[in-house]
Each structure stands twice: as C-alpha cells, then as structure tokens.
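2 protein chains.
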Amino acid sequence: MIFRRPIKHCRECGTAVAYRLPDDGDTRERAICPACGTIHYENPLMVVGTVPVLGERVLLCKRNIEPRWGKWTLPAGFMELDETTAQGAARETDEEAGARIEIGPLFSLLNVPQVGQVHIFYLATLLSDRFDPGHETIEARLFREDEIPWDEISFRTVKKTLEQFFADRRAGRFGMHSFDIL
Amino acid sequence: MIFRRPIKHCRECGTAVAYRLPDDGDTRERAICPACGTIHYENPLMVVGTVPVLGERVLLCKRNIEPRWGKWTLPAGFMELDETTAQGAARETDEEAGARIEIGPLFSLLNVPQVGQVHIFYLATLLSDRFDPGHETIEARLFREDEIPWDEISFRTVKKTLEQFFADRRAGRFGMHSFDIL
Ligand SMILES: [Zn+2]
Ligand SMILES: [Zn+2]
C-alpha cells in the first residue's frame with residue numbers, strides 16, 4: 041500500500057513546491073511550483089483483483105509483504121498505466137498466486153476514501169488447482185466457505201467482497217456490487 | 041485531460057530521477073531517485089461522471105475547456121482523493137452543470153489504457169430542469185434521443201455510455217456495462 045505524503049518538490053524542475061489554490065478557479069489546494077508553475081494533482085489509486093473460484097472453493101493468498109504480513113487476501117494490487125482493469129486483475133492473480141484463470145464479470149467496486157483508493161474485483165474461474173506463488177505470497181490455498189479464516193483477512197475490501205460472493209452464491213445469482221468502506 | 045509526461049525530478053528531494061527497474065522484484069521501470077531512493081509510481085486516473093436524466097431527456101454540457109472545446113459531454117471529471125466515486129460524480133455534475141440530482145446506480149466502467157484512464161458513469165435523476173453551469177461549461181441542455189449531437193460528442197467513453205443508455209432504455213432494463221476503448 042502507498043501512504044500519501046505531501047509532495048515536496050516539483051516533478052518538472054525539482055524546485056520546492058507550495059500548497060495553495062491555483063488561479064484557474066480550482067477550489068482545492070494543490071502542490072504548485074513557484075518556479076515553473078506546474079500544478080501537481082493527486083488522485084485516487086485503483087486496486088484490481090479477482091475472486092478465483094474452483095468448484096466450491098475460493099483461492100486466497102497469505103501475504104509475504106507489509107502491510108498485513110501473514111494475513112490472507114484475494115489476489116489484488118495496484119493497476120498499471122498500460123492495462124485495463126480486467127488485465128490488471130488477471131496480472132495480479134498471476135503474479136501473486138501463479139494461478140491459471142479465465143476472467144469473469146466485474147463483481148465489486150469498493151471505495152476507500154480514507155486512503156484515496158478504489159478497489160475492483162472480478163469473478164474468475166480457476167483452470168487448475170496448481171499454483172506457483174510469487175515473492176509477495178507465502179502460500180496460495182483453496183478454501184471452502186466454512187474454512188475461510190475470517191479473522192485473518194487482510195483488508196476490509198477483501199472481506200466484504202468474499203462475504204458478498206458467498207451471499208450471491210447462496211442466492212444463486214451473481215450481481216455487481218458497490219460498497220463504501222468508511 | 042492530463043497527458044502523461046515522464047517524471048523528471050524526485051518529489052521528496054528534487055534530485056533528477058532515472059527510469060530503471062527497482063531492486064525489489066518489480067518488473068517495470070520506475071522513476072527512481074538516485075539520492076534518496078524514492079520510487080515514483082504512475083497509476084491510472086479515474087474519471088467519474090453521471091448520465092443525468094429528466095423524463096425522456098438527458099443532460100449534456102458544451103465544453104468551455106480544452107481538449108474538445110465546444111463539444112458536448114456528460115458531466116464528468118477527475119476523481120479527487122477524499123471522495124467516493126459516487127460523490128465525485130455528483131460533485132462534477134454540480135460543478136459543470138449546476139444541476140440538482142439524485143444519484144442512481146453504477147452504469148458503465150470504461151477502460152482507456154492509451155491514456156491511462158478508467159471512466160465510471162452513474163445514472164442520475166434530475167430534480168429540476170434549471171441549470172447553473174460553471175466556468176468549464178458554455179451551455180447545459182437537455183436532449184431527447186433523436187436530438188443528441190452524435191457527431192459533436194467530446195469523448196468515446198461518453199458516446200459509448202450514451203449509446204448503451206438508450207439501448208438499455210429501449211430494452212426496458214438498465215444494467216452495469218464494461219467497455220474497453222482501445
Ligand atoms: Zn517546477
Ligand atoms: Zn529523492
């Protein structure tokens with residue numbers, strides 16, 4: 041996770057910036073360069089991931105990185121510039137679990153304004169039960185609903201997505217769900 | 041719109057950065073500071089907006105800013121750090137059209153990887169036909185489907201969202217739709 045620190049220097053020229061209202065009618069303070077005038081915008085980050093399913097079971101990864109080292113998560117990570125949300129979700133699933141999947145429909149969108157993030161999860165079908173976790177993952181494992189380590193889930197967005205997944209499965213119909221984690 | 045330029049200087053200390061692979065296993069080149077070691081990540085930007093509906097008609101705004109000055113758009117803009125996607129969509133609708141709305145369900149998610157953006161539109165119900173456009177808008181106007189200026193729409197994400205809106209309305213059911221604009 042990236043924690044937001046104030047911008048100190050201009051990305052264009054390196055001069056120390058000052059936070060103030062721009063002159064263009066903008067109503068928010070931005071980091072503005074007194075030397076070259078560059079206005080630096082800070083925007084939410086997108087986290088993209090999957091709910092990888094094999095029959096009755098869902099794939100979780102035990103985190104080998106901070107924050108939440110040793111906790112269980114759905115495969116997910118920061119979206120990169122040159123990919124779509126679905127491509128990013130599939131890439132993270134490959135990187136963190138080494139899992140072969142077929143990506144499915146968009147399942148959840150979760151706002152986390154306290155950290156300036158939007159998390160998006162896609163349903164995915166696992167094509168194999170063989171995994172090859174990357175260096176960010178201690179262990180990749182399949183869980184039935186009654187085996188999910190609910191008290192050891194890394195993030196509220198992951199917990200909410202898993203809860204909704206099992207609720208939808210019981211209802212026999214998967215929808216697209218929005219949540220605000222406040 | 042923000043066009044991405046390479047990062048030239050470190051946001052922490054102002055030193056000139058170099059693009060190279062980090063030492064942490066990352067497989068992409070990042071702007072890294074040779075002085076303080078800060079790794080600068082660049083991530084997609086989220087654009088949030090609404091499809092504001094009053095009976096048979098949809099609200100469009102004639103842009104008073106570049107790019108696409110003078111073209112028609114749905115109210116939309118860059119999401120800010122301290123808001124949810126729905127709050128951002130409502131804020132942009134207020135700023136660009138001065139329109140009073142009740143925000144509805146998530147309607148479209150459009151990837152535009154060529155510019156590193158993800159656009160999200162919510163359905164919205166207009167509570168009044170009186171508008172008070174801000175400085176970014178020349179004119180805010182309601183259009184029936186047969187009045188939409190299809191050749192004068194500002195962005196492909198807006199055109200796609202409008203097309204899908206009218207298709208869903210004809211079908212009598214509004215869904216949630218994902219598109220990749222490649
Ligand atoms: Zn500068
Ligand atoms: Zn530095």
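Sequence lines, in order, name chains A and B. Residues in the first sequence are numbered from 41 upward in steps of one, following the numbering used here. Residues in the second sequence are numbered from 41 upward in steps of one, following the numbering used here. Ideal placement from N, C-alpha and C gives every residue a C-beta, glycine not left out. Just so we're clear, the structure is a prediction, and the values are computed from it rather than from any experiment.
- Burial is judged here by how many other beta carbons sit within 10 angstroms of a residue's own beta carbon; B:Thr201 has at least 16 and is buried.
- Classified as buried, B:His217 has 16 or more neighbouring CB atoms from the shown chains inside 10 Å of its CB.
- Within the stretch 109–137 of chain B, the residues whose Cβ lies closer than 9 Å to some Cβ of chain A are Phe118, Met119, Glu120, Leu121, Asp122, Glu123, Thr124, Thr125, Ala126, Gln127, Gly128, Glu135, listed in chain order.
- Annotation: the continuous alpha helix (DSSP H) that includes A:Asp208 extends over 196–211.
- Around ligand 1, the residues whose beta-carbon falls short of 6 Å from at least one of its heavy atoms are A:Cys50, A:Glu52, A:Cys53, A:Thr55, A:Cys73, A:Ala75, A:Cys76, A:Thr78, given in chain order.
- The alpha-carbon of B:Ala116 is positioned some 15 Å away from that of B:Leu166.
- Chain A places no beta carbon closer than 8 Å to that of B:Asn104, leaving this residue out of the contacts.
- The C-alpha of A:Arg60 is placed about 6 Å away from the C-alpha of A:Arg70.
- Counting along the chain, A:Asp220 sits inside the beta strand (DSSP E) bounded by residues 217–220.
- Chain B has a Cβ within less than 8 Å of the Cβ of A:Cys50.
- Contact check for A:Leu114 against A:Val198 passes: the beta carbons are separated by less than 8 Å.
- In the DSSP assignment, B:Glu179 falls within the beta strand (DSSP E) that extends over 177–183.
- Secondary structure remark: continuous alpha helix (DSSP H) runs of at least 4 residues inside the stretch 74–107 of chain B: none found.
- Annotated three-state conformation of B:Trp109 is coil, per DSSP.
- Per DSSP, A:Gln154 is not a residue of any beta strand (DSSP E), being assigned neither H nor E.
- In this structure, B:Pro92 sits away from B:Leu85, with a CB-CB distance that is not shorter than 8 Å.
- Against chain A, the CB of B:Ile72 has no partner CB under 8 Å away; the residue lies outside that interface.
- Shown here, B:Glu142 sits in a strand according to DSSP, grouped into three states.
- Taking 8 Å as the CB threshold, A:Thr55 lines the interface with chain B.
- B:Arg70 is bridged by DSSP to B:Arg60.
- Under the 10 Å beta carbon count, A:Glu132 is surrounded by 16 or more other beta carbons and is classified as buried.
- A Cβ-Cβ separation of about 6 Å places B:Ala137 in contact with B:Pro173 under the 8 Å criterion.
- Per DSSP, A:Gly174 lies in no alpha helix (DSSP H) and is assigned neither H nor E.
- Cβ atoms of B:Arg97 and B:Leu182 come within 8 Å of each other, at about 4 Å.
- By the criterion of at least three beta-carbon pairs nearer than 8 Å, the stretch 41–57 of chain B is in contact with the stretch 51–66 of chain A.
- Around the beta-carbon of A:Ala180, 16 or more other beta-carbon atoms lie within 10 Å, marking it buried.
- B:His175 reaches chain A at Gly65, counting residues in chain order whose Cβ is nearer than 8 Å.
- At a C-beta separation below 9 Å, B:Ile47 has these neighbours in chain A: Arg51, Glu52.
- The beta carbon of A:Pro84 falls within 8 Å of a beta carbon belonging to chain B, placing the residue at that interface.
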